[in-house]
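The C-terminal residue of the sequence shown carries number 264 in this note's numbering, and the numbering is unbroken.
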Amino acid sequence: MAGIAVLVVLVAVIAGRTLIDTATASDFQIVSQRSDIEQASDASASPSTSAADAAHGASGSSASGAGDASPSAAASIFVHVTGCVARPGLVELAEGSRVADAVQAAGGFSEDAQADSVNLARVVQDGEQVAVLSAAQVEAGGQAAQPEAQAAAG
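Now the structure itself:
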């Protein structure tokens, strides 16, 4: 019985050796099938983060993708857009957004809006109010509130 076991092991070793000897590096192709999420996690992982942590999402989200947003997602800010826009109210924007982005998120200017009553290029801050005036309000001497004036009043 021991002789059969030795014979089986010997045949397995010879067969494995034969396969290794006949195979060359050009016979194999390494294929990576990592998901985009894993690649993004690896790219944003800090040097102290292990590869296993990065592959499973360093933010602690589950493998199904539910849970926290990815660490590379931009922080959100909230801006209150009032006046002559299609949908006045609170809008959520990415940090670093401009007044033009806030107006667009509120549905754009209404027909009676005086577009140059606001500086569309100005960067908005979290908690800010952007007031878009009408042409009649501008003619009456109204001005859109500036962040400095809002801070002093609030």
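C-beta atoms are modelled at their ideal positions from N, C-alpha and C, and glycine is treated no differently. Note that this is a predicted model, so its numbers are computed, not measured.
* Expressed to the nearest angstrom, what Euclidean distance is found between the alpha-carbon atoms of A168 and I124? -> Taking the sequence shown and counting its residues from 1, one reaches residue 168 at position 58. Taking the sequence shown and counting its residues from 1, one reaches residue 124 at position 14. Annotation note: pLDDT 45 at A168 (below 50); position unreliable, coordinate value reported separately. Rounded to whole angstroms, the separation of the alpha carbons of I124 and A168 is 45 Å.
* Asked: DSSP three-state call for L120: helix, strand or coil?
  -> Reading the sequence shown from its first residue, position 10 is the one you call residue 120. Three-state DSSP puts L120 in a helix.
* Asked: Which parts of the segment 187-253 are runs of the alpha helix (DSSP H), unbroken and 4 residues or longer, counting only runs that do not cross its ends?
  -> 209-215 and 245-249
* For A292, three-class secondary structure by DSSP -> No answer is possible for residue 292: it lies beyond the span of the chain, which begins at 111 and ends at 264.
* **Proximal residues to D211 (C-beta, below 7 Å), its chain only, five neighbours per side dropped** => In the sequence shown, residue 211 corresponds to position 101, counting from 1. Correct list, in chain order: L203.
* Can you give the beta carbon distance from V242 to V195, rounded, assuming they're within the 8 Å contact cut? -> Taking the sequence shown and counting its residues from 1, the one referred to as residue 242 is at position 132. Taking the sequence shown and counting its residues from 1, the one referred to as residue 195 is at position 85. Yes, V242 and V195 are in contact; Cβ-Cβ is about 5 Å, under 8 Å.
* Measuring alpha carbon to alpha carbon, tell me which of G237, L230 and Q224 ends up nearest A250. => Here residue 250 refers to the residue found at position 140 of the sequence shown. For the residues G237, L230 and Q224, the minimum Cα distance to A250 belongs to Q224.
* Evaluate V209 with the Cβ neighbour count: other Cβ atoms within 10 Å of its Cβ, from every protein chain shown; 16 or more gives buried, anything less gives exposed. => To locate residue 209, count along the sequence shown from 1; it is residue 99. That one is buried.
* **Beta-carbon proximity check, A216 vs R197, cutoff 9 Å** => As a first step, residue 216 must be located in the sequence shown, where it is residue number 106. As a first step, residue 197 must be located in the sequence shown, where it is residue number 87. Pairing A216 with R197 gives a Cβ-Cβ distance under 9 Å.
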